[in-house]
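Just so we're aligned, residue 211 is where the sequence shown starts under my numbering, counting upward by one.
For every residue, glycine included, the Cβ atom is placed at its ideal position computed from N, Cα and C.
Computed from a prediction, not measured in an experiment: that's the story for all the values here.
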Amino acid sequence: MYLQSGYGNVYEELQESKEHFRKNIVLPHRLPPVAFTHSFGRFSDLDGHLNDEFEIEYINEDKPYHHYKILVRPVEFGIKFEDKHITQTVNLRDGSKAIYSTATDRFNLLAFEKDGFQYILSISKDVTTVSKEVLAEIADSVRNN
211 MYLQSGYGNV YEELQESKEH FRKNIVLPHR LPPVAFTHSF GRFSDLDGHL NDEFEIEYIN
271 EDKPYHHYKI LVRPVEFGIK FEDKHITQTV NLRDGSKAIY STATDRFNLL AFEKDGFQYI
331 LSISKDVTTV SKEVLAEIAD SVRNN
């Protein structure tokens, strides 16, 4: 299913994204404490730059509710969150702020900006072991060293 939807090797898609954006994309050094069996990457280059993005999907083929996604877009084309969709603002270690949202039916997400990119980390609501604090720790692991 993922391969038919344009997903491919994470590192090949990441490299294509870096070349397109002409900028290094740093991925989190941490993952949620959940078992995943597969990861897929996809770079979307649509007409113009508005919806260009890099994403990684982590899944567990034996537990379909174990679903985690990282979405990366240039800040200038980032997704804007209305106040009604913001559950809480979270402070990250570098002093920046992240938006935590439980407003969607299936996912909880944490959105933050780093080095000119907007990152959105989303985890299935069924994965109750991954709190906003865990997502914030993952966000804090996005660093160049």
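At which residue ranges does the segment 277-316 contain complete beta strand (DSSP E) runs of 3 or more residues, listed in the order of the chain?
As for any beta strand (DSSP E) of minimum length 3 sitting wholly inside the segment 277-316, the runs are 277-284, 298-301 and 307-311, ordered along the chain.
From Glu-286, Asn-301 and Ala-313, pick the residue whose C-alpha is nearest to that of Asp-293; which is it?
Looking up residue 293 in the sequence shown gives position 83. The shortest Cα separation from Asp-293 among Glu-286, Asn-301 and Ala-313 belongs to Ala-313.
Counterpart residues of Gly-326 in DSSP-defined beta bridges:
Translated into the one-based positions of the sequence shown, residue 326 becomes position 116. None, per the DSSP bridge assignment.
Boundaries of the beta strand (DSSP E) in which His-248 is found, first to last residue:
Position 38 of the sequence shown holds residue 248. First-last of the beta strand (DSSP E) with His-248: 248-254.
May I have the straight-line CA-CA distance separating Ala-346 from Val-220, to the nearest angstrom?
Looking up residue 346 in the sequence shown gives position 136. Looking up residue 220 in the sequence shown gives position 10. About 22 Å.
Can you tell me whether Tyr-221 is helix, strand or coil according to DSSP?
Position 11 of the sequence shown holds residue 221. DSSP places Tyr-221 in helix when its eight states are reduced to three.
So does the segment 238-247 actually touch the segment 286-305, counting three or more Cβ pairs closer than 8 Å?
No: the two stretches stay apart, fewer than three of their Cβ pairs being nearer than 8 Å.
Closest Cα partner of Ala-349 within the set Lys-324, Val-285, Ser-334 and Val-244
Residue numbering aside, residue 349 sits at position 139 when the sequence shown is read from its first letter. Comparing Cα positions, the closest option is Lys-324.
Specify the secondary structure class of Leu-320 as computed by DSSP and reduced to three states.
The residue given as residue 320 occupies position 110 in the sequence shown. Strand.
Pull up the CB-CB distance for Ile-269 and His-277, whole angstroms please, since I reckon it's below 8 Å.
Residue mapping note: residue 269 aligns to position 59 of the sequence shown, counting from 1. Residue mapping note: residue 277 aligns to position 67 of the sequence shown, counting from 1. Approximately 6 Å separates the beta-carbon atoms of Ile-269 and His-277; this is inside 8 Å, confirming the contact.
Of the residues Ile-333, Phe-287 and Tyr-275, which one's Cα is nearest the Cα of Ile-266?
Indexing the sequence shown from 1 puts residue 266 at position 56. The shortest C-alpha separation from Ile-266 is found at Ile-333.
In this structure, how does DSSP classify Ser-227 when only helix, strand and coil are distinguished?
Position 17 of the sequence shown, counting from 1, holds the residue named residue 227. Note: Ser-227 maps to helix in three-state DSSP.
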